[in-house]
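Report on the following structure.
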Amino acid sequence: SPVTLVPVLLGLVVAVALRSLFLALQESFSATASLRIRQYAREQVLNKVAALGPVWMTRQQSGALATQSVEHIEALDGYFARFLPQMRIVLLLPLLIAAVVGWLDYLVAIFLLLSAPLIPLFMALVGMGAERLNKEQFASVARLSAHFVDRVRGMTTLQLFGHTRAAQQDVWYATDQYRRLSMRTLRLAFLSSAVLEFFASVAIAVVAMYVGFGLLGYIDYGPSPSLTLFSGLAVLLLAPEFFQPLRTLSQHYHDRAAALGAAESIVTILNEPDVVPTRFDAPAEPDALIELVDAEVGYGRHSAVLTGVSATIRQADVVVITGESGSGKSSLLALMAGFMAPLRGACRVRQGEQVAWLDQSPCIIQGSLADNLRLAVPDATPAAMQEALENAGLGELLAALPHGLETVVGERGVGLSGGQAQRLTLARVFLSQAPLVLLDEPTASLDSATEKSVIDALLAWSAEGRTLVMATHHPAVMAVATRHWVCRDGQLHEVAP
């Protein structure tokens with residue numbers, strides 16, 4: 004009667020509304036938790052990269068590292084936002100439905116409980132290679148990113164030598180390899196879902212046959228003789244709901260494989276040994292600025308470039324380090340700067356000492372000349388920046404630029420010559436006013452006149468009490484040294500300047 008149907012219909016409406024509310028809350032909480040986890044993971048990766056330092060960075064491919072820091076961390080979203088919450092639902096909801104079905108017909112409940120474990124078992128067998136394929140896919144993305152960035156950076160060289168079409172073919176081939184690997188991964192994911200749908204459909208069909216034959220009286224085993232239209236219809240409606248959590252889980256199964264593949268590359272970065280240089284230990288000599296004690300310099304226990312290095316640098320020293328390419332000059336400077344730890348022994352730098360560093364490869368960001376100079380001193384005044392540029396030999400260039408310090412340069416010094424980019428980074432060193440200055444080939448790419456003006460500015464700095472340590476091949480720089488170190492045969496030798 005209508006009187007008895009109204010409470011049932013109201014209860015159905017309330018149940019549907021509560022279900023929708025709980026699903027919305029689950030998605031909201033899962034998305035928030037996933038966002039926080041990804042933010043934490045990205046923070047850990049960036050902190051680790053910063054702790055590993057620029058020496059480690061030079062051995063990495065920037066495109067691959069960017070992919071690991073962005074795309075691989077974003078790949079964790081599906082696992083934490085969808086797969087992991089659904090795993091909890093799969094462990095709870097089917098058991099609750101099975102309990103209700105068991106109250107109505109225990110034979111159907113036993114059948115559902117026996118058929119449920121077969122579905123994830125066959126899914127696991129079919130998708131056994133999904134994790135491996137996802138690892139290969141993420142590695143392919145990293146290689147493709149590095150490949151593309153390398154070709155873009157070398158576009159000018161490729162155009163000069165007429166190899167742009169060959170580079171285009173290389174990028175196309177790498178992209179096609181990634182496409183093929185993505186299709187293999189998707190094929191395996193869809194196959195896993197098809198296996199679940201097949202077994203779930205077969206199980207629901209068996210339940211429907213049981214209810215139909217039971218209502219017709221063809222089955223008289225167990226509770227089937229007492230099967231009614233209500234209990235049979237309820238069991239038939241609950242059977243798909245029993246398998247629905249497993250269906251949803253299968254849709255997100257590839258999220259798990261993708262997250263595991265991405266996590267491996269992330270963990271590889273996090274497991275890198277930290278750079279812990281002993282740079283704030285007080286030197287034994289009171290007037291020493293830097294002290295090397297039986298230090299071994301290199302990038303691995305079996306790849307040391309310098310061994311048994313013992314030396315002391317004092318305030319106002321002008322130390323020039325020479326030697327053949329690969330003899331360890333740059334590595335020794337990186338050790339003093341704190342970018343790497345000695346493999347053995349100690350490198351001690353006076354505590355609280357401010358260090359200025361100039362690498363062989365100029366670091367120029369997209370922005371104005373002032374933006375690049377303020378990387379050293381954020382609150383630098385225009386007058387101080389102009390003086391630094393003049394000391395670096397860029398005074399004439401600055402005067403010829405219509406926008407002066409606000410002239411925009413491109414990333415990696417686009418718009419400047421190699422020598423001008425080198426002098427711009429050298430101007431940052433002059434602007435820093437640091438008492439300890441480490442310079443790696445400071446006059447590379449400079450003509451003789453500009454080199455003389457830069458050396459004169461460096462000598463004026465040294466006369467103010469600053470300490471200069473320079474690695475160089477240029478005789479003009481060697482001539483101003485008060486101390487001369489030579490890297491030869493894996494040893495550091497001091498010779499007369």
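Residue numbers (our numbering): 4 to 500.
Glycine included, C-beta positions come from ideal geometry on N, C-alpha and C.
Please find out if some non-hydrogen atom of the ligand MG comes closer than 7 Å to the beta-carbon of T428. As far as ligands go, the structure on display features none, and thus does not contain the ligand MG.
Coil, strand or helix - A316 by DSSP: Residue 316 sits at position 313 when you count from the first residue of the sequence shown. Correcting the residue type first, residue 316 is Ile in the shown sequence and not Ala. Residue state for I316 is assigned as strand, using DSSP reduced to three classes.
Suppose you measure from the CA of P500 to the CA of E327; what does that come to, to the nearest Å? As a first step, residue 500 must be located in the sequence shown, where it is residue number 497. As a first step, residue 327 must be located in the sequence shown, where it is residue number 324. Distance between the alpha carbons of P500 and E327 is about 17 Å.
Quick one: measure Cβ to Cβ for A101 and L115, integer angstroms, because I've assumed they're closer than 8 Å. Stepping through the sequence shown from its first residue, residue 101 is reached at position 98. Stepping through the sequence shown from its first residue, residue 115 is reached at position 112. Confirmed, Cβ separation roughly 6 Å.
For T470, list the residues DSSP reports as bridge partners. Counting from 1 along the sequence shown, the entry for residue 470 is found at position 467. The partner list for T470 (beta bridge, DSSP) reads L439.
Residue closest to H75, alpha-carbon to alpha-carbon, out of I222, S268, R62: Taking the sequence shown and counting its residues from 1, the one referred to as residue 75 is at position 72. It is S268 whose Cα lies nearest to the Cα of H75.
Nearest residue (CA-CA) to E77, options P57, S37, L94: By one-based count along the sequence shown, residue 77 stands at place 74. Checking every option, the nearest Cα to that of E77 belongs to S37.
Take Q494 as the anchor and find which of L449, K332, W106, N375 has the nearest alpha-carbon. In the sequence shown, the residue the question calls residue 494 occupies position 491. Among L449, K332, W106, N375, the Cα nearest to that of Q494 is on K332.
Would you give the residue range spanned by the beta strand (DSSP E) that V352 belongs to? To locate residue 352, count along the sequence shown from 1; it is residue 349. Note, V352: beta strand (DSSP E), 347-352.
Nonlocal neighbours in the same chain, by C-beta distance under 7 Å from E444, ignoring five residues either side: Counting from 1 along the sequence shown, the entry for residue 444 is found at position 441. Q363, A474, T475, listed in sequence order.
Nearest by alpha-carbon distance to R469: which of V432, L400, L449 is it? By 1-based counting over the sequence shown, the position of residue 469 is 466. If we check each option's Cα against that of R469, V432 comes out closest.
With a threshold of 16 other CB atoms inside 10 Å of the CB of V111, please say whether the residue is buried or exposed. Start at 1 with the first residue of the sequence shown, and residue 111 comes out as number 108. Per the 10 Å Cβ criterion, buried.
Starting from the C-beta of Q71, find all residues in its chain whose C-beta is less than 6 Å away, skip the five residues before and the five after it, and write them out in chain order. Indexing the sequence shown from 1 puts residue 71 at position 68. Only S268 meet the Cβ criterion.
In three-state terms, what does DSSP make of G413? The residue you call residue 413 lines up with position 410 of the sequence shown. DSSP places G413 in coil when its eight states are reduced to three.
Quick one: grab the DSSP three-state call for A460. Reading the sequence shown from its first residue, position 457 is the one you call residue 460. Reduced to three states, the DSSP call for A460 is helix.
Using the Cβ count rule (16 or more neighbours within 10 Å means buried), how would you classify G14? By one-based count along the sequence shown, residue 14 stands at place 11. G14 comes out exposed.
According to DSSP, is T281 part of a helix, a strand, or is it coil? Taking the sequence shown and counting its residues from 1, one reaches residue 281 at position 278. Caution is warranted here: a pLDDT of 46 is assigned to T281, below 50, making its placement in the model unreliable, and the coordinate value is therefore given only provisionally. Coil, per DSSP.
Nearest CA to the CA of P226: which residue from V209, Q162, S451, L107? Position 223 of the sequence shown holds residue 226. Closest option to P226, Cα to Cα, is L107.
Work out the CA separation of A424 and L252 for me, nearest whole Å. As a working note, residue 252 is residue 249 in the sequence shown. As a working note, residue 424 is residue 421 in the sequence shown. Their backbone Cα atoms lie some 55 Å apart in a straight line.
Where Y224 falls: helix, strand or coil (DSSP): Counting from one through the sequence shown, the residue named residue 224 turns up at place 221. Looking at Y224 - three-state DSSP - the assignment turns out to be coil, as it is neither helix nor strand.
Of the listed residues K51, H496, D459, nearest to S330 (C-alpha basis): The residue given as residue 330 occupies position 327 in the sequence shown. The residue with the shortest Cα to Cα distance from S330 is H496.
What residue ranges within the segment 54-120 form continuous alpha helix (DSSP H) runs of no fewer than 4 residues, ordered along the chain? Listed in chain order, the alpha helix (DSSP H) runs fully inside the segment 54-120 are 65-70, 87-107, 109-118, counting runs of at least 4 residues.
Put E327 into one of helix, strand or coil per three-state DSSP. Within the sequence shown, numbered from 1, the residue matching residue 327 stands at position 324. E327 falls in the coil class under three-state DSSP.
Determine, using beta carbons only, whether V323 and V480 come nearer to each other than 8 Å. Working through the sequence shown from its first residue, we reach residue 323 at position 320. Working through the sequence shown from its first residue, we reach residue 480 at position 477. Taking C-beta atoms as the reference points, V323 and V480 count as a pair closer than 8 Å.
What do you reckon, are the CB atoms on D258 and R85 nearer than 8 Å? Indexing the sequence shown from 1 puts residue 258 at position 255. Indexing the sequence shown from 1 puts residue 85 at position 82. A contact, by the Cβ cut-off of 8 Å.
Taking the straight line between their C-alpha atoms, what separation do you get for R41 and G215? Taking the sequence shown and counting its residues from 1, one reaches residue 41 at position 38. Taking the sequence shown and counting its residues from 1, one reaches residue 215 at position 212. In this structure, the CA atom of R41 is about 51 Å from the CA atom of G215.
Where does V489 sit, in a helix, a strand or coil, going by DSSP? For the purposes of this step, residue 489 is taken as the residue at position 486 of the sequence shown. V489 falls in the strand class under three-state DSSP.
Assign L449 to one of three DSSP states: helix, strand, or coil. Residue mapping note: residue 449 aligns to position 446 of the sequence shown, counting from 1. In this structure, L449 counts as coil in the three-state DSSP scheme.
Tell me whether the beta-carbon of E294 lies closer than 8 Å to the beta-carbon of P345. Here residue 294 is taken as the residue at index 291 of the sequence shown, counted from 1. Here residue 345 is taken as the residue at index 342 of the sequence shown, counted from 1. No, Cβ-Cβ distance for E294 and P345 is not below 8 Å.
Would the segment 173-180 and the segment 91-101 be scored as touching if the rule is three or more Cβ pairs under 8 Å? No contact exists between the segment 173-180 and the segment 91-101.
Strand pairing of A203, partner residues [DSSP]: Within the sequence shown, residue 203 is the residue found at index 200, counting from 1. Beta-bridge pairing links A203 to no other residue.
If A55 and E275 are in contact, beta carbons under 8 Å, what's the gap, nearest whole angstrom? Here residue 55 refers to the residue found at position 52 of the sequence shown. Here residue 275 refers to the residue found at position 272 of the sequence shown. Looking at the sequence shown, residue 55 is not Ala but Leu. At roughly 6 Å, the Cβ-Cβ gap stays under 8 Å, so L55 and E275 are in contact.
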